[in-house]
Amino acid sequence: MLQQSIAIGPLGFSLHQLVLVMAFLMALLVGALLGRRHNVAVSDTLITVFFIAFIAARVVFVVRYWGAYDGIIARFDIRDGGFDLTGGIIAGLGYASWVLWRSSRQRWPLSGALLAGGLTWGLIVGSTALIEQQSRPLPNTPLVDLSGQSTNLPQLAHQTQQPIVVNLWASWCPPCIREMPVFEEAQNAEQGITFVFVNQGEDAQHIEAFMHQHELSLDNVWLDQRNALGEATGAHAMPTTLFYSAEGKLLNTHFGELSRATLHQGLERLR
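With UniProt numbering, the residue at position 161 of the sequence shown is 161, and numbering never jumps.
Listed below in structure tokens is the structure:
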């Protein structure tokens, strides 16, 4: 649910990103109210905590998947969404603990702000995680392959008995184009995982011309001209990649462009 995406003009956001922003704003609000009572401002400290957590989450992720990046520039490119949540939380709380130890005046306002932000994020994420454990099966949306034959994801899962990675894409989407070679490489290397590429809203002739133009060789390229799969999965912006277990359970969703590192992270739970 939280990995569903929304599109605002040319921009797309996942609901999880919006929840993080909401939690940060709640922390700022509570920090401002408590800070007024104690005559101390904590907004600058909260912004620093967030910044340190953000940087640390990226650094830890890059270190974990260092060999999956081609060079330094790629490691700085955060468009792949590669962040280590645990590393970011530890770094942010570490800095906050140091401030609480050094500055007694900020102790109560900052503690209250961090608690409010953490509870906001934790309650929303926790409740939706419980809901998702009981829902979100492999959608049986009617689709067709490039030859016009009807098919769907549960049928493919039954045939292969393998985990399935579903990529929703379109030829007009630049991030989709950039990640296609990454998927092609993974499809050739991962024999125990099935990859499906569901085009949103375009016809077979256009897709075949696109594949030829970019010299791509992909299996399981399917058509969804009515964008029904995107509606069923809550993927309203592209690219979106869904990771399903062999039993058809949704394990992870990645909104936005994938790099080798973020794709490798997603595949780890499927192996």
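Beta carbons: idealized from backbone N, C-alpha and C, even for Gly.
Assigned exposure category for residue i - 16 Cβ within 10 Å defines buried
| i | result |
| --- | --- |
| Glu257 | buried |
| Leu263 | buried |
| Ile164 | buried |
| Asn140 | exposed |
| Leu138 | buried |
| Gly71 | exposed |
| Arg269 | exposed |
| residue 272 | This structure gives no information on residue 272, because the portion of the chain shown stretches from 1 to 271. |
| Gly192 | exposed |
| Ile124 | buried |
| Ser127 | exposed |
| Pro239 | buried |
| Gly31 | buried |
| Leu153 | buried |
| Asp77 | exposed |
| Glu215 | exposed |
| Arg75 | buried |
| Gly122 | exposed |
| Asp84 | buried |
Which of helix, strand or coil DSSP assigns to residue i
| i | result |
| --- | --- |
| residue 272 | Residue 272 lies beyond the residue range present for the chain, which begins at 1 and ends at 271; the question has no answer from this structure. |
| Leu258 | coil |
| Leu20 | helix |
| Gln162 | coil |
| residue 338 | This structure cannot settle anything about residue 338, because the visible part of the chain is limited to 1 through 271. |
| Val60 | helix |
| Ser103 | coil |
| Leu218 | coil |
| Leu110 | helix |
| Ile80 | For the record, residue 80 in the displayed sequence is Asp; it is not Ile. Asp80 falls in the helix class under three-state DSSP. |
| Val40 | coil |
| Ala237 | coil |
| Asn167 | strand |
| Thr45 | helix |
| Ser150 | strand |
Supposed close pair residue i, residue j - CB separation, criterion 8 Å
| i | j | result |
| --- | --- | --- |
| Asp219 | Leu143 | That belief does not hold up - the Cβ atoms of Asp219 and Leu143 are roughly 14 Å apart, past 8 Å. |
| Tyr65 | Gln187 | The Cβ separation is near 19 Å, so there is no contact. |
| Gly117 | Met26 | 5 Å |
| Thr45 | Val99 | 6 Å |
| Gly82 | Val59 | Actually they do not touch by this definition, with Cβ atoms about 10 Å apart. |
Residue i CB to nearest heavy atom of the ligand NAD below 7 Å
| i | result |
| --- | --- |
| Ser245 | By its list of ligands, the structure shown contains no ligand whatsoever, and the ligand NAD lies outside what it can speak to. |
C-beta neighbour in chain D for residue i, strict 8 Å
| i | result |
| --- | --- |
| Leu156 | In the structure shown, chain D cannot be found, because there is only a single protein chain. |
Three-pair Cβ contact test at 8 Å for the region 197–204 versus the region 163–180: Judged by Cβ distances under 8 Å, the region 197–204 makes contact with the region 163–180, as three or more pairs qualify.
Validate contact between the region 50–64 and the region 85–102 using beta carbons, cut 8 Å, 3 pairs: With three or more CB-CB distances shorter than 8 Å, the region 50–64 counts as touching the region 85–102.
Check whether the region 226–239 and the region 203–211 touch, using three or more Cβ-Cβ pairs below 8 Å as the test. With the cut-off at 8 Å, the region 226–239 and the region 203–211 do not touch.
With a cut-off of 8 Å, do at least 3 Cβ pairs link the region 29–47 to the region 98–108? Contact check between the region 29–47 and the region 98–108: three or more CB pairs, one atom from each, fall below 8 Å, which counts as touching.
Can we say the region 239–249 touches the region 150–167, given the rule of at least three CB pairs closer than 8 Å? Touching, per the Cβ criterion.
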